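Here is the structure we will look at, set down as C-alpha cells.
Protein chains: 2
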Amino acid sequence: MSTSGAASPPEQPAVFTRIRLADRRDVPNIHRLIHQMAEFELLTDLFSATESSLSSTLFPSPPLLPFHSFTVLILEISQSPIHNAAEDDSDLGFRPLTRRIALKSVFADPEASIFASPRGDGLVVAGFLLCFPNYSSFMGRPGIYVEDIFVRESWRRLGMGKMMLAAVAREAARMGCGRVEWCVLDWNKNAIAFYEGMGAEVLPQWRICRLTGEELSKYAVDEEDSAGRP
Amino acid sequence: MSTSGAASPPEQPAVFTRIRLADRRDVPNIHRLIHQMAEFELLTDLFSATESSLSSTLFPSPPLLPFHSFTVLILEISQSPIHNAAEDDSDLGFRPLTRRIALKSVFADPEASIFASPRGDGLVVAGFLLCFPNYSSFMGRPGIYVEDIFVRESWRRLGMGKMMLAAVAREAARMGCGRVEWCVLDWNKNAIAFYEGMGAEVLPQWRICRLTGEELSKYAVDEEDSAGRP
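The listed protein sequences correspond, in order, to chains A and P.
Heads up, the first sequence is in full-length UniProt numbering, so the first residue is 1 and it goes up one at a time.
Heads up, the second sequence is in full-length UniProt numbering, so the first residue is 1 and it goes up one at a time.
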C-alpha cells in the first residue's frame with residue numbers, strides 16, 4: 001500500500017528562463033558568446049573584441065540608458081523557478097522577464113560550468129542580445145537595431161531567441177519606435193523563415209556598405225582646406 | 001588704351017561649400033530634403049515624417065552630443081567664400097568644413113529660394129547627412145552608421161556627397177570607431193561604384209529584416225508570464 005495515496009503524474013521536465021539587462025559582471029560571458037557567434041557565422045577572422053574593449057564601450061560609468069544607447073540583454077536558464085533580486089528591478093527601467101519552458105526530455109548542457117551566471121543561484125547564461133537605437137528619417141522617428149541575437153547550441157529550437165527579440169519589440173512598441181531592424185545572412189534559410197514568422201519583412205534590395213581598417217584610417221588625415229579657414 | 005593694365009584672366013566659376021552641424025532651425029529644410037530623397041528612391045509611400053517629429057527626435061533639449069546619438073550634417077553652398085560665425089565653433093565639437101569647388105560653368109539652382117539657409121548670408125542648403133552610432137560586437141567597438149546622404153539634383157556630380165561622407169569617416173577614425181557603414185540599393189550601380197571608390201566594401205550576403213507597423217504593435221501587449229512574477 002502506498003503511503004502517498006494516488007500516484008502523482010510524472011513531472012514534465014522544464015527549464016526556467018530569465019531575460020535581464022547585462023551589467024559589467026557579465027562581460028566574460030558576453031565575450032565568450034560573441035566568439036561562439038563568430039564561429040557559427042564562420043567569421044572568426046573578424047573577431048578582435050576583448051573583455052576590456054567590451055567593458056569600456058558597453059558598460060561605462062555612469063551606465064548607458066537601456067534602449068537609448070548600446071544595450072545588452074542576457075538570457076539565463078535554471079532548473080528551478082527564478083526569483084528576481086532587488087537589483088534586477090533597478091532604475092534602469094527594464095524589468096526582467098521570466099518564463100517556464102516545457103522540455104520533451106531533460107538534457108545536459110556541457111558548457112554549463114563555463115557559462116555560470118555571475119548572479120549565482122545555479123543560473124547559467126544561455127544567450128544574449130545586443131541592440132541600440134537607429135533612426136528612420138522617412139518616419140521621423142527612432143527605431144531599434146538588433147546587432148546580435150545568439151543562443152548557445154544546447155538551448156536552441158526552444159523559442160528562446162524569439163523571446164529575446166520579442167522583448168526588444170515590446171520595448172520598441174512601447175517607446176513609440178517606428179521599427180525594429182536586424183540583419184540576416186541570405187543563406188540562413190531557417191533564420192529567415194523564423195523572422196518572417198515573427199512578422200518581419202526581409203528587404204531584398206538593400207546592401208550594406210562598410211568602410212573599415214586602413215581604408216577608414218585614411219580619412220583621419222585632414223584634407224587641405226582650399227577655401228582657407230578664418 | 002586700357003586703364004587696368006594687362007587683361008586679367010577670366011575668373012574660373014566656382015561654388016563655396018560648408019558642412020556644419022544642423023540645429024532645430026534647419027528642420028523645415030531637412031523635412032523637404034527627406035521628402036526629395038523619398039521621391040528619388042521611389043519610396044514616398046514610406047514617408048510620414050513631420051517637421052514636429054523631426055524636431056522632437058533629432059533636436060531635443062539639451063542637444064544630443066554629435067556622433068554619440070542622432071546627428072545631422074547640413075551642406076550649404078554660396079557664390080562667395082563662407083565665413084563661419086562664432087556659433088559655428090560651438091561646444092558641440094564639430095568644426096564646420098569649408099571648401100571651394102571649381103565649376104565648368106555657372107548654372108542655376110531653381111530651388112535656391114525654397115532652400116535658403118536659416119543662417120542667412122545668401123547661403124543655400126544643398127544636402128544633408130544623417131548618422132548615429134552603431135556597434136560591432138566582433139570588434140568590441142562602436143562605429144557610425146550613415147542612414148541618409150542626399151544632395152539636391154542641381155548640385156550632384158561635384159563631389160559634395162563624398163565630402164559629407166568623408167567628414168563622417170574622419171570623425172569616426174578620430175573617435176577610434178571600428179567602421180562606418182551605410183546601405184545602398186543593389187540597382188544603384190553609380191552609387192555602388194562611388195562608394196567602392198571611397199574604399200568601402202559592399203557586403204553581398206546580408207539582408208535587412210524589418211518589423212514595423214501593425215506587426216510591431218502586436219508586441220506591445222504583454223504575453224502571459226507562465227512562471228509568475230514575484
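Each residue gets a CB set at the ideal place from its N, CA and C atoms; glycine is no exception.
Remember, predicted model here, so these are calculated numbers, not experimental data.
Nearest chain A C-beta to S48(P) closer than 7 angstroms, yes or no? True, the Cβ-Cβ gap to chain A drops below 7 angstroms.
Would V217(A) count as contacting chain P if we go by Cβ distances under 7 angstroms? Here the sequence assigns Ser to residue 217(A), which means Val is not the residue at that position. Yes, contact with chain P.
Where does F194(A) sit, in a helix, a strand or coil, going by DSSP? The answer is helix: DSSP assigns F194(A) an H, G or I state.
Neighbouring residues, chain A, relative to W155(P) (Cβ below 9 angstroms): Within 9 angstroms Cβ-Cβ: nothing; W155(P) doesn't reach chain A, min ~16 angstroms.
Determine, for D186(P), whether the minimum Cβ-Cβ distance to residues of chain A falls below 7 angstroms. Output row for D186(P): interface = yes.
Could you check the C-alpha separation between T17(A) and S113(A) for me, to the nearest Å? Straight-line Cα distance between these residues: approximately 17 angstroms.
Just to make sure I have the definition right: I need the residues of chain P whose C-beta is within less than 9 angstroms of the C-beta of V15(A). Which are they? Near V15(A) there are no residues of chain P at all, since even the closest Cβ is about 10 angstroms away, more than 9 angstroms.
In three-state DSSP terms, what is P142(A)? P142(A): strand per DSSP, three-state reduction.
For the beta strand (DSSP E) holding V27(A), just list the boundary residues, first then last. Premise fails: V27(A) lies in the alpha helix (DSSP H), V27 to F40, not in any beta strand (DSSP E).
I'd like to know whether the C-beta of I144(P) is nearer than 7 angstroms to at least one C-beta of chain A. For I144(P), the answer is no, since every Cβ of chain A falls outside 7 angstroms of its Cβ.
What number of angstroms, rounded off, separates the C-alpha of G213(A) from the C-alpha of E76(P)? Distance between the alpha carbons of G213(A) and E76(P) is about 30 angstroms.
Where the stretch 16-27 of chain P meets chain A: residues whose CB sits under 7 angstroms from a CB there: Of all residues in the stretch 16-27 of chain P, those with a C-beta nearer than 7 angstroms to a C-beta of chain A are F16, reading in chain order.
With 7 angstroms set as the bound, which would you pick, yes or no: does the beta-carbon of V124(A) sit closer than that to a beta-carbon of chain P? Not flagged as an interface residue toward chain P: V124(A), since no C-beta distance is shorter than 7 angstroms.
Take every Cβ of the stretch 25-38 of chain A, pair it with every Cβ of the stretch 52-71 of chain A, and state whether three or more of those distances are shorter than 8 angstroms. Yes: at least three Cβ pairs fall under 8 angstroms.
Straight-line CA distance for G199(A) to L216(P)? G199(A) and L216(P) have their C-alpha atoms roughly 8 angstroms apart.
For A169(A), which residues in chain D fall below 7 angstroms Cβ to Cβ? The structure shown contains no chain D; the protein chains it does contain are A and P.
Cutoff 7 angstroms: V151(A) Cβ touching any chain P Cβ: Judged by the 7 angstroms Cβ criterion, V151(A) is not in contact with chain P.
Cα separation between L21(P) and R152(P)? Spanning the two alpha carbons is a distance of roughly 18 angstroms.
Where V125(A) and E201(A) are concerned, what is the direct C-alpha to C-alpha distance, given to the nearest angstrom? Taking the straight line from one Cα to the other gives about 30 angstroms.
Residues sharing a beta bridge with S136(P), DSSP: Answer by DSSP bridge pairing, in chain order: R141(P).
Mind checking if V106(A) is an interface residue toward chain P, Cβ cutoff 7 angstroms exclusive? By this cut-off, V106(A) is not an interface position.
With a threshold of 6 angstroms on Cβ separation, who are the neighbours of K218(A) within its own chain once the five nearest residues in sequence on each side are excluded? Listed in chain order, the non-local C-beta contacts of K218(A) below 6 angstroms within the same chain number zero, local neighbours out to five positions each way being set aside.
Where does S53(A) sit, in a helix, a strand or coil, going by DSSP? DSSP, read as helix, strand or coil, puts S53(A) in helix.
So, with DSSP's three-state summary, where would you put W187(A)? In the structure shown, the three-state DSSP call for W187(A) is coil.
Span separating the alpha-carbon of Y195(P) from that of F138(A): One alpha carbon belongs to Y195(P), the other to F138(A), and they sit about 22 angstroms apart.
Can you tell me which of W182(P), F132(P), P66(P) and I74(P) puts its alpha carbon nearest to the alpha carbon of W206(A)? Of the candidates W182(P), F132(P), P66(P) and I74(P), the one whose C-alpha sits nearest the C-alpha of W206(A) is W182(P).
Tell me where the alpha helix (DSSP H) around S113(P) begins and ends. Counting along the chain, S113(P) falls outside any alpha helix (DSSP H), and DSSP gives it neither H nor E.
Who are the near neighbours of P13(P) in its chain, counting only those whose CB is closer than 7 angstroms to its CB and skipping five residues on each side? Cβ neighbours of P13(P) beyond the five flanking positions: L103, S105 and V106.
Indicate whether at least one CB of chain P lies closer than 7 angstroms to the CB of V72(A). Not one chain P Cβ lies under 7 angstroms of V72(A).
Contact set between D121(A) and chain P, taken where Cβ atoms lie within less than 8 angstroms: Proximity of chain P to D121(A) at the Cβ level (cut-off 8 angstroms) is not reached, the minimal Cβ distance being about 14 angstroms.
Just to confirm my understanding: we take R99(A), look at its own chain, exclude 5 residues before and 5 after, and list those with CB closer than 6 angstroms. What are they? The answer, listed in chain order, is T17.
May I ask which residues mark the beginning and end of the beta strand (DSSP E) holding A102(P)? That run of the beta strand (DSSP E) goes L97 to A102.
Closest by CA to V72(P), which one among D148(P), F115(P) and P142(P)? Residue D148(P) is the option with its Cα nearest to V72(P).
I'd like the ranges of any beta strand (DSSP E) spanning at least 3 consecutive residues and lying wholly in the stretch 149-184 of chain A. Counting only runs of 3 or more, we get nothing.
Rounded Cβ spacing between A169(A) and L211(P) (contact assumed at less than 8 angstroms): A169(A) to L211(P), Cβ: 6 angstroms. Contact.
Please identify the residue among A193(P), Y145(P) and V15(P) whose C-alpha is closest to the C-alpha of C131(P). The option with the nearest alpha carbon to C131(P) is Y145(P).
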